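Numbering (the numbering used here), first residue to last: 3 to 376.
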């Protein structure tokens, strides 16, 4: 065998769920030392395909060839033995355990925690993915948690690593560090199957791209010779409409207003909200921006009534009020007088948008202005 033969070849791979073909006769080749993009809309079959490659799902028909030899990948353990690793979009980590303990759970061999800690520290430094093996996952950022997933995949010494939407929860700086790691893996002769909706990233780092639509391969290309617009057309099968914002659209009355909302964390791993203030007007789209895990969930729980007034009353520091039609919103001047589940309707009209960002240090909402009249 020479390196002209593909590392992985998929031939006519099909997966049926009843009469529905999630993947329909897919052909795909991944070469040695290649970063290969897998593109497609949600529901195109990308996740189903990689789950078959990693042994989570059994194909209905077709075959997978590894280094020219047909293989029956019956489980993730079988995939890892071949040399296939995978980092899922949604992490599989226990927050109460340390980095080393989480890595140990994914290893097929019986290895001591001390040995895992040493190997993980050495590997993380070698690939520019700094980790403290003794740190608890609950204390780590989203980017650091992803490093755990990548390091424990690398500890299996894979020849092919599958990355499912790896930058969806990363800051731009963290994404750049990830790309440096991928280029290092490529230089070592390892291959990467890279799933992403961020087409600029695909152009930047990928050597080839395969496009899926409705479970079928509809095209392949060198993404460096394409534009985001042409890649999007391949994904959807037609022109993609341009979304334009109307800056002149007037905003209506304030429909929801929060004043100095402070909520202590309800669990050891929850995020505290501190003196949070914002308002939403009718006909306005207000974005809550920030890396996942910085208080967005806690804010939405408070707004939806998941955190009731009775629960919050001991640690609500200031008034929060909803302003809107009497039938859909309630107003109050102090936490004690708030209804347990107050909601407000945000009317859908021609919209003006604003962005409120979430600070990792304090989970305090901030932006150009979060007050009414901005």
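Heads up, the beta-carbon is just placed ideally off N, CA and C, and yes, glycines get one too.
Since the structure is predicted, the reported quantities are computational estimates derived from the model, not experimental observations.
Three-state class that DSSP yields for residue i in the structure shown
i           : result
residue 51  : helix
residue 345 : Its pLDDT being 34, under 50, residue 345 is placed unreliably by the model, and nothing is read from it.
residue 66  : strand
residue 354 : Residue confidence is low: residue 354 scores 47 on pLDDT, short of 50, so the model does not pin down where it sits. No coordinate-derived value is stated.
residue 178 : helix
residue 374 : At residue 374, the pLDDT of 37 sits below 50, so the modelled position is not reliable and the matter cannot be decided from this model.
residue 59  : coil
residue 1   : The chain is shown only over 3 to 376; residue 1 falls outside these bounds and no answer can be derived.
residue 88  : strand
residue 75  : coil
residue 185 : helix
residue 98  : coil
residue 93  : coil
residue 293 : coil
residue 9   : coil
residue 224 : coil
residue 209 : coil
residue 83  : helix
residue 299 : helix
residue 106 : helix
residue 172 : coil
residue 113 : coil
Pick from the options that is closest to residue i, judged by C-alpha positions
i           : options            : result
residue 251 : 285, 236, 230      : 285
residue 197 : 125, 48, 148       : 48
residue 24  : 52, 11, 6          : 52
residue 203 : 190, 214, 228      : 228
residue 30  : 16, 43, 22         : 16
residue 239 : 245, 253, 248, 214 : 214
residue 94  : 249, 152, 118      : 152
residue 231 : 221, 222, 244      : 244
residue 139 : 98, 246, 70        : 98
residue 249 : 68, 200, 287, 127  : 287
residue 111 : 83, 128, 123       : 83
residue 189 : 166, 6, 37         : 37
residue 44  : 149, 159, 166, 142 : 166
residue 92  : 32, 144, 173       : 144
Cβ-Cβ separation, residue j to residue i (assumed contact under 8 angstroms), whole Å
i           : j           : result
residue 281 : residue 305 : With 8 angstroms as the limit, residue 281 and residue 305 do not qualify as a contact, their Cβ atoms being about 13 angstroms apart.
residue 187 : residue 207 : With a Cβ gap of about 11 angstroms, residue 187 and residue 207 do not count as contacting.
residue 125 : residue 86  : Residue 125 to residue 86, Cβ: 18 angstroms. No contact.
residue 216 : residue 46  : 7 angstroms
residue 63  : residue 20  : Incorrect: roughly 15 angstroms between the Cβ atoms, too far for contact.
residue 9   : residue 71  : About 11 angstroms separates the two Cβ atoms, so there is no contact after all.
residue 149 : residue 169 : Rounded, the Cβ-Cβ distance is 13 angstroms, inconsistent with contact.
Check whether residue i and residue j have beta carbons under 8 angstroms apart
i           : j           : result
residue 278 : residue 260 : yes
residue 78  : residue 105 : no
residue 163 : residue 210 : no
residue 28  : residue 194 : no
residue 89  : residue 137 : no
residue 171 : residue 256 : no
residue 146 : residue 156 : no
residue 275 : residue 297 : yes
residue 253 : residue 226 : no
residue 135 : residue 119 : yes
residue 300 : residue 265 : yes
residue 109 : residue 237 : no
Heavy atom of the ligand FAD within 7 angstroms of residue i beta-carbon
i           : result
residue 165 : With respect to the ligand FAD, the structure shown offers nothing to examine, as it has no ligands at all.
Quiz prompt | Unbroken stretches of the alpha helix (DSSP H), 4 residues or longer, contained in the region 123-167 | solution = 144-156, all fully within the region 123-167.
Quiz item: Where in the region 226-257 do unbroken runs of the alpha helix (DSSP H), each at least 4 residues long, occur, reported from the N-terminal end onward?
Solution: 230-238
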